[in-house]
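Novice: Protein chains in written order, with the working numbering: chain A, 1 to 323; chain B, 324 to 646.
Quick reminder that beta carbons are idealized off the backbone N, C-alpha and C, glycines included.
Remember, it's a predicted structure, so these values are computed and weren't measured experimentally.
Have a look at the structure that comes next, please.
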């Protein structure tokens, strides 16, 4: 990863310090990408933890205080809260500052934030496609973005120099950067992230409500495949509720296709059409191979889960941090 | 895991030596659970590889030769092939032998195999709930069954001593053993394994056929969730075709429930019902926690995938071994 000779931005403000915000703080600090980090968080508990972990030089109670004087402001709160943050920070932003976010949805964030930001700042929406199922300031780590993609979706007319600076920042955080249109982003992420999360949540829910099979049986025999789905179904519920509410069109479009395709498979099972099943199951291995080849997945069997080793009981998924 | 003082069975015959068969061979040998291992495999390539890897003392071209004189015969072929194997080995089986299998479906296997087995042998169907996305004799390893469940589904009237011996064998392989009715097994596995595999295959298929999103975009941005599904969608297509064709009723029942539940979530998204989404997403984390607590899943974030480390290019999923 590139080493910064000098900071890319002087003062970074993080509005919200959960998994993503705290990972940015750790990586930016470790790699010398900024001089000073200011942060704000909605809950007192998170602010205290951010101070204890020394994730920021200054921790503020209000978003406006954190954003004031910053050269780069990154809003790291759930998608549904971004508009309100823009209202709070808009009036105090430093002229020439770059304002960005990390939301998994882009068109809605542009719609909600842009009208509240002054013309004197450069708004460059961003989405690092990286994460784990854990949340909160303790969950972050400096390597989270290494070799992951970060998508920037600047609107037409954005100052190219601001886009370049933010690109350099994300590259220095370890990411590969791609620039695309917000609408296209939302379509791509609907299929690669949003619908997968929805169906993972859904099957866990279905399993939970069976009368014929007990919950303890679902848990015991989960190594047959079910447990793979529970990882992403353990993700932050506020974040994901907001994603679905704010990327409705694309998610409904992709869900429609998923359901149509599932109907075809269901019918093949009902009528004993083994050829349809076999042909489809044969093609899917190639996609995994490609994902491994481009370094977006581990090549180790079973995700490299250890076999024959009793796992230590900790760390379990934590209760939700509220921001 | 328990150490065997003396072999539990003298002569083990493995009919089929893929991921599961070769893992049994490795673990049984390493832990001294049997004196001799005989094996057969459908393809010449597999037989050669089994000999090269020294997975068996004797490798036979026909299943009957391998099964003859064995005290324990384990049929490790796709579910749809088990009936034909029973026809082949039935006439040569040694009186008093225990005959078992490793199929992911149990009622259909009993239906297909039992009529062809002589009354002088003890048929105890088994299903080790363990595996990886890889297949073939090279993919196996001795620790595969450690701390995983193996379900035995003997029919009423089976000699309890034969069941106990097979139970002891699987425990010595590292497994926890549960005994249940075949129909109940098929229902439990439909939700914990079969339907998860089907929807994983399905979403990979849906993603592959989009016009709005390119395959290269799906691959690049897969870290947003999609890649978790590709692991089980890289599983052996023959095995999985057979599972769906032979556990039709239970899979259709569970798929029906899954689709109903997905319709409710789809509707909640369409009408902006954030409460329904949030409430459901909140409950699912508890199930993952339980799965980790009982040792069926790694507690490490992101399955313990390495971050900040470029994965080595090998080993990639291999082409399919045919048995």
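Are the C-beta atoms of residue 122(A) and some chain B residue less than 8 angstroms apart?
Specialist: Taking 8 angstroms as the CB threshold, residue 122(A) stays off the interface with chain B.
Novice: According to DSSP, is residue 202(A) helix, strand or coil?
Specialist: helix
Novice: Which runs of the beta strand (DSSP E), 3 residues or longer, sit entirely within the segment 219-266 of chain A?
Specialist: none
Novice: Taking 8 angstroms as the CB-CB cut-off, is residue 53(A) touching chain B?
Specialist: Residue contact with chain B for residue 53(A): absent (no Cβ-Cβ distance below 8 angstroms to any residue of chain B).
Novice: I need the straight-line Cα distance from residue 232(A) to residue 107(A), nearest angstrom please.
Specialist: 23 angstroms
Novice: Starting from the C-beta of residue 626(B), find all residues in its chain whose C-beta is less than 7 angstroms away, skip the five residues before and the five after it, and write them out in chain order.
Specialist: Leaving aside the five residues that flank residue 626(B) on each side, none in its chain has a CB nearer than 7 angstroms to its CB.
Novice: In chain order, what residues of the same chain lie with their CB nearer than 6 angstroms to the CB of residue 343(B), ignoring the 5 residues before and after it?
Specialist: 399, 425
Novice: Does any residue of chain A bring its CB to less than 8 angstroms from the CB of residue 434(B)?
Specialist: Contact with chain A is absent for residue 434(B), since none of that chain's Cβ atoms lies less than 8 angstroms from the residue's Cβ.
Novice: Roughly how many whole angstroms lie between the Cα atoms of residue 200(A) and residue 229(A)?
Specialist: 5 angstroms
Novice: Quick check on DSSP: helix, strand or coil for residue 335(B)?
Specialist: strand
Novice: Going along the chain, which residues of its own chain have a beta-carbon closer than 6 angstroms to the beta-carbon of residue 295(A), five neighbours each way excluded?
Specialist: 147
Novice: Counting only Cβ pairs nearer than 8 angstroms, list the residues of chain A close to residue 563(B).
Specialist: Taking the beta carbon of residue 563(B) as reference, the chain A residues within 8 angstroms of it are 277, 281, listed in sequence order.
Novice: Going by C-alpha distance, which of 82(A), 162(A), 181(A), 49(A) is nearest residue 71(A)?
Specialist: 162(A)
Novice: May I have a chain-ordered list of the beta strand (DSSP E) segments no shorter than 3 residues that lie completely inside the segment 463-510 of chain B?
Specialist: Listed in chain order, they are 472-475, 499-502.
Novice: Shorter than 8 angstroms from the beta carbon of residue 424(B) to some beta carbon of chain A?
Specialist: no
Novice: Give the single residue among 12(A), 129(A), 139(A), 88(A) whose Cα lies nearest to the Cα of residue 97(A).
Specialist: 12(A)
Novice: Where residue 411(B) and residue 226(A) are concerned, what is the direct C-alpha to C-alpha distance, given to the nearest angstrom?
Specialist: Computed Cα separation, rounded: 35 angstroms.
Novice: What three-state label does DSSP hand residue 95(A) in the structure shown?
Specialist: It is coil, neither helix nor strand.
Novice: Less than 8 angstroms between the CB atoms is what I'm expecting for residue 387(B) and residue 415(B), so what's the real figure, rounded?
Specialist: 5 angstroms
Novice: Go ahead and label residue 299(A) buried or exposed: buried means 16 or more other beta carbons lie within 10 angstroms of its beta carbon, across all protein chains shown.
Specialist: buried
Novice: Excluding five sequence neighbours on each side, which residues of the same chain lie with their C-beta closer than 8 angstroms to the C-beta of residue 454(B)?
Specialist: 342, 343, 467, 558
Novice: Quick one: does residue 35(A) have its CB under 8 angstroms from some CB of chain B?
Specialist: Chain B contact via Cβ: absent.
Novice: Taking the alpha-carbon positions, what's the residue 338(B) to residue 581(B) distance?
Specialist: 36 angstroms
Novice: Are any of the Cβ atoms in chain B nearer than 8 angstroms to that of residue 16(A)?
Specialist: No, its Cβ sits nowhere closer than 8 angstroms to a Cβ of chain B.
Novice: According to DSSP, is residue 629(B) part of a helix, a strand, or is it coil?
Specialist: coil
Novice: How close, in whole Å, do the beta carbons of residue 153(A) and residue 181(A) come, if the pair is a contact with beta carbons under 8 angstroms?
Specialist: 7 angstroms
Novice: How long is the line joining the alpha carbons of residue 405(B) and residue 450(B), rounded to whole angstroms?
Specialist: About 13 angstroms.
Novice: Can you find the residues in the same chain that come closer than 8 angstroms, C-beta to C-beta, to residue 292(A), ignoring five residues on each side of it along the sequence?
Specialist: 298, 299
Novice: In whole angstroms, what separates the C-alpha of residue 307(A) from that of residue 133(A)?
Specialist: Their backbone Cα atoms lie some 21 angstroms apart in a straight line.
Novice: So if I threshold CB-CB distances at 7 angstroms, which residues from the segment 410-422 of chain B count as touching chain A?
Specialist: none
Novice: What beta strand (DSSP E) runs, 3 residues minimum, are completely inside the segment 338-408 of chain B?
Specialist: 357-363, 381-383, 395-398
Novice: If distances are taken between C-alpha atoms only, which option among 239(A), 253(A), 269(A) comes closest to residue 78(A)?
Specialist: 239(A)
Novice: Can you tell me the Cα-Cα spacing of residue 8(A) and residue 165(A), whole angstroms?
Specialist: Straight across, the Cα-Cα distance linking residue 8(A) with residue 165(A) is about 7 angstroms.
Novice: Say whether chain B places a C-beta atom closer than 8 angstroms to the C-beta of residue 317(A).
Specialist: Because residue 317(A) carries a pLDDT of 45, less than 50, the predicted location of this residue cannot be relied on, and the following value inherits that uncertainty. At least one chain B Cβ lies under 8 angstroms of residue 317(A).
Novice: Relative to the ligand NAP, is the shortest distance from any of its heavy atoms to the C-beta of residue 456(B) smaller than 7 angstroms?
Specialist: No copy of the ligand NAP appears in this structure; indeed no ligand is present at all.
Novice: So residue 542(B) contacts chain A; which residues on that side make the cut at Cβ distance below 8 angstroms?
Specialist: 287, 290, 291, 294, 296
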